[in-house]
Amino acid sequence: MVSLFILIPFVLAAFLPLIEKISKRFLPDLLTNLGILFLLIYTMTYGQQIVALERGIRQLQWFNEQLNITFALDGFSLFMLFAIYLVSFGVTLFSIDYMEHYGNKGIFYALFMIMVGGMSGLVLATDLFTIYVFLEVSAISSYGLVAYGLKHDELEASFKYLMLSAVATAFLLLGIMFIFGINGSLKLGDIADRFASGEYRFVIGICTGFFIFGFGLKAALVPFHSWLPDAHPSAPAPISAMLSGLLIKVSGVYALARVFLNVFGLNPAISTVLMYLGLISILVGAILALGQNDIKRMLAYSSISQVGYIILGFGAGTNLAIMGALFHILNHALAKGLLFLNSGSVEHSTGTRDLDKMGGLGKRMPITAATTVVGSLSVAGVPPLNGFWSKLFIIIGLLQAKAYGFAFAAILASIITLWYYIIIQRRAFFGKLKENWKDVKEVPFWMAVSTIFIALICIIIGIGFPVVISNWIEPATKVLEQGINFAMRWLRL
Amino acid sequence: MQILYLISILGLVVFSILAILIKDLLKAALSLMGASVFLAIIFFFMKAYYAGVFEISVVAGLITVLFVSTIGLIRSDDFKESKMPTIIFPLFFIWFIIIDILILSALVSKFPLPGFKVPEPNTFGEVFWHNRTFDLVGQIGIIFAGVFSVLALFRKRDKNG
C-alpha cells in the first residue's frame, strides 16, 4: 500500500506523546527507529516492485467509493523516499542519545515524524495544491523543531525561518492561483497538457517567476538564502541534519525539478535561469563558508553551495547532468547529514561550535574525527567517495551541454569546498590538544553508531555506485528526461 | 456593489497592515480579526460562500478568541505603544497602493480569461470528500504539527516558570 508511506509517520506522530506518558525514553526511541527502518525496507522492497511494474499511480477507495487521493509512486518519488528514510534512520539513531538532555522526547519524535510524513506526502502528490499542503506540513513541524532548544538564538532563527517561509508560501500560492485561473485543475498532468500548446506563454512566464522565488527560497538558492545560515545552525544537530540534508531538497529542489521538468517542460529560458541560479549559489555559498568560525554555520553555507550543484545539473538538462543532480541529492543528504550530526557530537562533548576554541579533538574523539573526514571528503568530491561520482556526472553533463564556463566554475568551487573542509579538520580535530579539552570523551554509543552507519553508507555508495545508479538513479532520471510527456501519460488520472 | 467591494478590499489592506505594525498584541489581534471580516465579505462577493463562512467562524471567531484569551494571560501592564505605526503606516500604505496599481494594470490585460467552465457549486461535503480528499490528510498533519509545536515551545517555560 502506497498510503503507508504517509500513514505510518502520521499515526506514530499521533501516538508518540501518549506513549511518552508510559515510557519516557525507551518506547519513543524504539517505535520511531522501527517505524523509519520499516519505511526504508518497504521502499527498498515493495516500492521497487511497484515502480518496476509501472503500477505506481493509485487512487484510494473507501467502501468501494473512489476517493480523490491519488499517489504517484514513480522512479523520481521512490528515489526521494529512499533518500528521506535512509537519512532519517541515521538521524533517529543519533537522537536516542543526543536528545536526552532536551527532554520530552515524545513530542520531539512526533514533530520529527510529521516532518517525515509531510515530505513523503509531498513527493507522492500529483496535484499542485496537495504539494503546497504537504510542504506546509513539513515546514510547520520544522519551525517547532528549529526552536526546540528554546534559547534566544533558536527562537529568533525559527521566527526568521517562519517569516521567510511565509513569503515563499505567498509566492507559491500566487503561482498556483494563476494556474488554477487558466486551467481549472491543479493536477500536474492536466497542467502539463494545457500548457503544452504554448498558448499561455505569458502565464507560464509569470508562474515560473513565482515558483522560482517560492521554491528557490525553500531550497535556499542565492539570493533567497538568508534564512538558512541562521535556521540550520540554531536547531538541535539531528534537525540541522534533516533540514540541510533533506528538507531543502524535498521542499525546494524536488518540487522545483518536478514542476519545471515534468509540468512546464525545461525550455532554454528556464534552463538558463536555473543554471545561473545554481552557479551563483555554488560560488557565493562556497566563498561565504570560507570565512566562518562557527562549524555549523560553515556547514550551512556549504549546503547553499551544494544545492547550487544540484540545480545546475537539473538546469543543464542532459542525461548525465540530471543523473548527477539526482545522485548528488542522495550523496549530499548523507554526507551533510553526517557532518551536521558530527558537529552536534563536538558541541555535545565540548559545549562549543567555535572552531577557534577547538583543536586536537581527534585524539579524544577518534570516531567523530574519522567520520567527519569521510563526510568532508565526500562533500568536497574526493574519489572514491560518493560525492565524487555525482559531481563528476554533473561536470561531464555540463560539458555535454557545451556549458564550459559553468563546468570550470563547478570544478573551481569544488576546490574551494575541499579547502574549507580541510580548515574544519585542521582547526577542530588535528594539531595539539588544547588544555581545556583534556577531559573530553567520545560521544555515547548510539551517536557513534549513527555516524559510523552513515559514513559506511557514503563509502559503500562510493565504491558500489553502479548498483545505486541502476537501481535508484536511472529510473528517476527516466522520469525527468521524459519531461511533460511523463506527466501527461503517468500523472494524469 | 462595486463601491462596497472596493471598500472591503481597502479595509482588508488597512487592517492587515495595522495587524503587522501595531506592537500591542491585543490591538494587533483585533486588527487581524477586522482584516478577516473584510476578507470574508470579499469571499461572499466572489460567491465563495464556504470560504466566507469558515473565514468568519474560524479565523475571525475562534482564532481571535484564542488570541485574546492567551494575550489576556500573558500581557503585562507596563506596555508602551510604539508611535511607529502613525508615522510609517501612511507612507507604507501609499507606497503599497501605487505599486499595486502599477503591477495590476500591467498584468490584468495580459491574462487570458479562465480557460474552463466554472462548475456548479457542490455541497461542502462533496467538495471535501470527492475533490480535495488528499488535502484533508495534509490538513490533519498541519493541525498535529501546530499542536505539537506549541507543546514543544511551552514545555520548558512550564518547568522553569
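Protein chains in written order, with this note's numbering: chain W, 725 to 1217; chain G, 3 to 163. Glycine residues also receive a C-beta, built at the ideal position from the N, C-alpha and C atoms. For clarity, every value in this text was computed on a predicted model and none was experimentally measured.
Open item on the list: With DSSP as the reference, identify every bridge partner of residue 851/W, one or two as the case may be.
Closed with: Counted from its first residue, the first sequence places residue 851/W at position 127. Its beta-bridge partners are 911/W.
Open item on the list: I'd like the list of long-range same chain contacts for residue 1153/W, defined as Cβ closer than 7 angstroms, with 5 residues on each side in sequence excluded.
Closed with: As a first step, residue 1153/W is located in the first sequence; it is residue number 429 there, counting from the start. Hits under 7 angstroms: 1085, 1086, 1093 and 1096.
Open item on the list: Taking the straight line between their C-alpha atoms, what separation do you get for residue 869/W and residue 151/G?
Closed with: Residue 869/W sits at position 145 when you count from the first residue of the first sequence. Residue 151/G sits at position 149 when you count from the first residue of the second sequence. Here the alpha carbons of residue 151/G and residue 869/W stand approximately 7 angstroms from one another.
- [ ] Keeping to the same chain, check which residues put their C-beta closer than 6 angstroms to that of residue 733/W; ignore five residues upstream and five downstream.
- [x] As a position in the first sequence, residue 733/W is number 9, starting the count at 1. Counting only Cβ-Cβ distances below 6 angstroms, and skipping sequence neighbours, we find 837, 840 and 841.
TODO: List in chain order: all unbroken alpha helix (DSSP H) runs of 4+ residues lying wholly within the segment 1096–1170 of chain W.
DONE: 1110–1124 and 1128–1148
Task: Residues near residue 1099/W by beta carbon distance below 6 angstroms, same chain, minus five either side - done: As a working note, residue 1099/W is residue 375 in the first sequence. Hits under 6 angstroms: 1059, 1062 and 1063.
Task: Span separating the alpha-carbon of residue 18/G from that of residue 53/G - done: As a working note, residue 18/G is residue 16 in the second sequence. As a working note, residue 53/G is residue 51 in the second sequence. If I take the Cα positions, the gap works out to 18 angstroms.
- [ ] Measuring only between beta-carbons, confirm whether residue 792/W sits less than 8 angstroms from chain G.
- [x] Mapped onto the first sequence, residue 792/W falls at position 68. The beta carbon of residue 792/W sits closer than 8 angstroms to some beta carbon of chain G.
Open item on the list: Any contact between the segment 922–941 of chain W and the segment 896–913 of chain W? By contact I mean 3 or more CB pairs, one from each, below 8 angstroms.
Closed with: yes
- [ ] Reducing DSSP to helix, strand and coil, say where residue 137/G ends up.
- [x] In the second sequence, residue 137/G corresponds to position 135, counting from 1. Residue 137/G: helix per DSSP, three-state reduction.
Open item on the list: Taking the alpha helix (DSSP H) that residue 753/W belongs to, which residues open and close that run?
Closed with: If you number the first sequence from 1, residue 753/W lands on position 29. 750–766 is the span of the alpha helix (DSSP H), which, as asked, contains residue 753/W.
Task: Runs of alpha helix (DSSP H) lying entirely within the segment 23–61 of chain G, each at least 4 residues, in chain order - done: 27–47 and 51–56
Task: From 1120/W, 968/W and 946/W, residue whose alpha carbon lies closest to that of residue 955/W - done: As a first step, residue 955/W must be located in the first sequence, where it is residue number 231. The option with the nearest alpha carbon to residue 955/W is 968/W.
Task: Strand pairing of residue 1018/W, partner residues [DSSP] - done: One-based indexing of the first sequence puts residue 1018/W at position 294. Residue 1018/W is bridged to 1078/W.
TODO: Determine the DSSP secondary structure at residue 1204/W, reduced to helix, strand or coil.
DONE: Counted from its first residue, the first sequence places residue 1204/W at position 480. Note: residue 1204/W maps to helix in three-state DSSP.
Open item on the list: Buried or exposed for residue 926/W, going by 16 or more other Cβ atoms inside 10 Å?
Closed with: Residue numbering aside, residue 926/W sits at position 202 when the first sequence is read from its first letter. An exposed status is given to residue 926/W, since fewer than 16 other beta-carbon atoms sit within 10 Å of its beta-carbon.
Open item on the list: Please classify residue 901/W as buried or exposed, where buried requires at least 16 other C-beta atoms within 10 Å of its C-beta.
Closed with: Stepping through the first sequence from its first residue, residue 901/W is reached at position 177. So residue 901/W counts as exposed.
- [ ] Check whether the segment 962–981 of chain W touches the segment 1031–1039 of chain W, counting contact only when three or more Cβ pairs, one atom from each stretch, lie closer than 8 angstroms.
- [x] yes
Task: Spatially closest choice to residue 824/W from 875/W, 844/W, 750/W and 886/W, by CA coordinates - done: Working through the first sequence from its first residue, we reach residue 824/W at position 100. Considering only alpha carbons, the answer is 750/W.
Task: Buried versus exposed, by CB contacts within 10 Å (16 or more), residue 815/W - done: The count along the first sequence starts at 1 and reaches residue 815/W at position 91. The residue is buried, with at least 16 neighbouring Cβ atoms inside 10 Å.
Task: At least three beta-carbon pairs within less than 8 angstroms, the segment 845–858 of chain W to the segment 866–882 of chain W - done: no
Open item on the list: Pairs of beta-carbons, one from the segment 1105–1114 of chain W and one from the segment 1161–1168 of chain W, closer than 8 angstroms: are there three or more?
Closed with: no
- [ ] Can you grab the Cα-Cα spacing for the pair residue 139/G / residue 74/G, in whole Å?
- [x] For the purposes of this step, residue 139/G is taken as residue 137 along the second sequence, with counting starting at 1. For the purposes of this step, residue 74/G is taken as residue 72 along the second sequence, with counting starting at 1. Taking the straight line from one Cα to the other gives about 33 angstroms.
Task: Amino acids of chain G, ordered along the chain, whose beta-carbon sits closer than 9 angstroms to that of residue 851/W - done: Residue numbering aside, residue 851/W sits at position 127 when the first sequence is read from its first letter. What residue 851/W touches in chain G: 134, 136 and 137.
Task: Interface residues of chain G facing residue 1042/W [CB-CB closer than 8 angstroms] - done: If you number the first sequence from 1, residue 1042/W lands on position 318. Residues of chain G passing the Cβ test: none, with the nearest at roughly 34 angstroms.
Open item on the list: Which same chain residues end up closer than 6 angstroms to residue 1203/W when comparing Cβ atoms and leaving out the 5 residues on each side of it in sequence?
Closed with: Indexing the first sequence from 1 puts residue 1203/W at position 479. Around residue 1203/W: 798, 799, 800 and 1210.
- [ ] To the nearest angstrom, report how far apart residue 5/G and residue 12/G are at their CA atoms.
- [x] Numbered from 1 along the second sequence, position 3 holds the residue referred to as residue 5/G. Numbered from 1 along the second sequence, position 10 holds the residue referred to as residue 12/G. Spanning the two alpha carbons is a distance of roughly 10 angstroms.
- [ ] Decide if the segment 875–894 of chain W is in contact with the segment 1011–1024 of chain W; the criterion is three or more beta carbon pairs, one per stretch, under 8 angstroms apart.
- [x] Short answer: they don't touch.
Open item on the list: Nearest by alpha-carbon distance to residue 1158/W: which of 1049/W, 796/W and 1081/W is it?
Closed with: As a position in the first sequence, residue 1158/W is number 434, starting the count at 1. Comparing C-alpha distances from residue 1158/W to each of 1049/W, 796/W and 1081/W shows the shortest one belongs to 1081/W.
- [ ] Give the DSSP-derived three-state secondary structure of residue 163/G in the structure shown.
- [x] Position 161 of the second sequence, counting from 1, holds the residue named residue 163/G. Residue placement at residue 163/G is flagged as unreliable, the pLDDT there being 37, under the threshold of 50; the coordinate-derived value follows with that caveat. DSSP places residue 163/G in coil when its eight states are reduced to three.
Open item on the list: Can you list, in chain order, the residues of its chain with a C-beta nearer than 6 angstroms to that of residue 1071/W? Leave out the 5 residues immediately preceding and following it.
Closed with: As a first step, residue 1071/W is located in the first sequence; it is residue number 347 there, counting from the start. So the list reads 1077, once near-sequence residues are dropped.
TODO: Please name the residue in 1160/W, 1025/W and 1057/W whose C-alpha comes closest to that of residue 1083/W.
DONE: For the purposes of this step, residue 1083/W is taken as the residue at position 359 of the first sequence. Per the Cα distances, 1160/W.
TODO: Starting from the beta carbon of residue 854/W, find every residue of chain G whose beta carbon is closer than 7 angstroms, and list them in chain order.
DONE: Translated into positions along the first sequence, residue 854/W becomes position 130. 136, 137 and 140, listed in chain order.
TODO: Ignore the nearest five residues each way along the sequence and tell me which others in residue 879/W's own chain have a CB closer than 6 angstroms to its CB.
DONE: On the first sequence, position 155 is the one that residue 879/W refers to. These residues qualify, in order along the chain: 871.
- [ ] Please determine, among 21/G, 136/G, 89/G and 135/G, the residue with the shortest C-alpha to C-alpha distance to residue 69/G.
- [x] What you label residue 69/G is simply residue 67 of the second sequence in a count that begins at 1. The shortest Cα separation from residue 69/G among 21/G, 136/G, 89/G and 135/G belongs to 21/G.
- [ ] Go ahead and pull the three-state DSSP assignment for residue 981/W.
- [x] As a position in the first sequence, residue 981/W is number 257, starting the count at 1. Helix, per DSSP.
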